[in-house]
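In what follows, a single structure is set out as C-alpha cells and then discussed.
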Amino acid sequence: MAFSGAVVLADLNDFISPSQACIKPVEVKTTRKDNDSQTSIKIDDTGGYYEVTQDGEETRLEKASITLNDCLACSGCITSAESVLVAQQSNEELYNILKNNQMALINNTPETHRTIVVSVSPQSRASLAVKYNLTPLQIARRLTYFLKRLGAHHVFDTSVSRDFSLVESAREFVERYCQNQANQPVAEAVEQKPRRRTGRDETSAARSTDLPMLASSCPGWICYAEKTHGYVLPHISVVKSPQQVMGSIVKEYLAGKWSVKYGGDFVLLGRGRWGAVVMLRKFQVSSRLTLFILDVNCRPNQIYHVCVMPCYDKKLEASRPDFYDEAYATRDVDCVITTGEIDKMLEQQGTDLRTLPEDELDSV
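The numbering of the sequence shown is my numbering, which starts it at 1467 and goes up by one.
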C-alpha cells in the first residue's frame, strides 16, 4: 500500500487506529479548573471538538499532534495504513523540494537551491523488479533516469553503506568477544574500535562488551526495546543501520568531497548541474596577473537526502534526534519514501519503467 500525503480513512480492514490502541497518549492542555463541575465533549459538523460545561459554556479544544519522536511503533498505525500523516516524510515533500529548486532557478536565488541526493535500497529495487518483470540492475538504471529527470542530482545504491555496516558490526562483535576473554587483548584481533552510534549514552557505551550481541536494522524493534525492555540495550550493536550510514556518507563525506574551498574574493555564478553553489574565486597573483578558480561549495544543510526504503518504520528512524546535526540544523536523512511511494510517483508521472531509458548510478 502506498503512503500518501493526506489522511485516508477508507478501507481500513486490518488497521487498529491510534484512538483505539495507541499506548502513547497525547497530552492535551486542559482549561478546566479545580472547582469546575463535570464537563462533556461536543463535536460540531466540521469535526471540531468543544469542551462543554454544565453551564453551557463551550471552549474549543486544540488539535492534538503526534510526531515520530513520540511513536513506539506499537500498533502498526504508521507501518500498515495511510491513516496517520507523517509530516515531512512523504513523496509530496519531495515534490515540494523539487518545486522549490525550480523556483530558485527561475528567480535566480541559488542560496535557496538544494542538492538532491537519492539513495535506493536493494530491497526496493528487487520489489520493483518483480512487479515490472525486469532485473534489479535494469530497475536501478531506469529508476536513476526517472529520478534525475524529476530533478535529482545524484542517485546512489545503499549497498555500499550496507557493506560498511556489516564490516563495522563484525568488528564490534570481535571487540566484544575479545574483551570477554581474559587472556586475549583486543589489539590482537582488531586494529581500531568500531564507530559508536551518535547519541548513545555513556552507560550504554561503557557496557558494550556484553554478550550475546544483538543486531538489527529494524527501527521498530529498536524503538520497542528502548521503550519496554531496557535491559537488552547493552547487548544491541551500536553500529548504524545502512540507511543512516548512507546519511553520514552523503552529509559528511560527500558534502566535503563536493566542496572546494579557497581564500580570496568570489563572484557568484549560480548553480551547476550537480546542484552545488558555483563561484569563481578571484586571486590577485601580481599587478599583471589575476586568476579565477572554480569553487564548489556544498554544506550538509544544502543537501536534501532522500532514501528509498521497503519499510515505513524507516521514516521513524530518520526522524530520531540521534541523527540530527545541530551545527548545520540538518538530518542525515531528510526524507524516506517507500517502494510503494516510488511506484505511486511513477503512476503520477505517467511513467512505465519498462519503457524508460537507462542511466548509470553515481559512485561514491
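Glycine residues also receive a C-beta, built at the ideal position from the N, C-alpha and C atoms.
Predicted model, so just to flag it, every value in this text is computed and none were measured.
Can you give the Cα-Cα distance for T1694 and V1633, rounded to whole angstroms?
Those two C-alpha atoms are separated by around 29 Å.
Taking the continuous alpha helix (DSSP H) assigned at R1615, which residues delimit it?
Looking at the DSSP string, the run of the alpha helix (DSSP H) that includes R1615 is 1602 to 1616.
Helix, strand or coil: how does DSSP classify V1830 here?
coil
Apart from the five residues just before and just after M1800, which ones in its own chain have a Cβ nearer than 6 Å to its Cβ?
Correcting the residue type first, residue 1800 is Asp in the shown sequence and not Met. Same-chain partners within the cutoff: Y1770, H1771.
Taking just the CA atoms, how far does Q1710 sit from Y1790?
11 Å
Since C1644 is in the alpha helix (DSSP H), which residue starts that stretch and which ends it?
1625 to 1645 is the span of the alpha helix (DSSP H), which, as asked, contains C1644.
Going by C-alpha distance, which of P1708, L1827, N1767, P1766 is nearest D1629?
Closest option to D1629, Cα to Cα, is P1708.
From the DSSP output, in three-state form, read off Y1515 for me.
strand
Taking E1559 as part of the alpha helix (DSSP H), name the residues at either end of that continuous run.
Start and end: 1557 to 1572.
By Cβ distance below 6 Å, which residues in the same chain neighbour N1585 in space, the five residues on each side in sequence not counted?
Rather than Asn, the amino acid found at residue 1585 in this sequence is Ser. The residues are F1622, T1624, M1712, C1773.
Assuming L1822 and R1591 make a contact with CB atoms under 8 Å, what is their CB distance in whole Å?
Contact flag wrong, Cβ pair sits at about 14 Å.
Under 8 Å by Cβ, that's how I've got M1775 and S1506 pegged, so tell me the actual separation to the nearest angstrom.
Actually they are not in contact, since the Cβ atoms of M1775 and S1506 sit about 44 Å apart, beyond 8 Å.
Quick one: what does DSSP say H1701 is sitting in, helix, strand or coil?
DSSP places H1701 in helix when its eight states are reduced to three.
Mind checking who S1585 pairs with in its DSSP beta bridge?
F1622, C1773
With V1802 as the anchor, note down where its beta strand (DSSP E) starts and where it stops.
1801 to 1804
Return the chain-ordered list of same chain residues with a C-beta closer than 7 Å to the C-beta of T1675, the five sequence neighbours on each side being excluded.
Here the set comprises R1642, Q1645, N1646.
So if DSSP puts T1525 in a beta bridge, which residue, or which two residues, is it bridged to?
E1517
Quick check: the stretch 1574 to 1585 against the stretch 1600 to 1619, are there 3 or more CB pairs under 8 Å?
yes
Could you check the C-alpha separation between L1600 and P1700 for me, to the nearest Å?
43 Å
Rounded C-beta distance between L1819 and Y1598? I'm assuming under 8 Å.
5 Å
Do the CB positions of D1825 and C1684 come within less than 9 Å of each other?
no
Quick check: what's the CA-CA separation for Q1815 versus D1809?
10 Å
State the beta-bridge partners of R1797 as determined by DSSP.
DSSP output for R1797 lists Y1790 as bridge partner(s).
Could you give the first and the last residue of the continuous beta strand (DSSP E) run that contains I1509?
1506 to 1509
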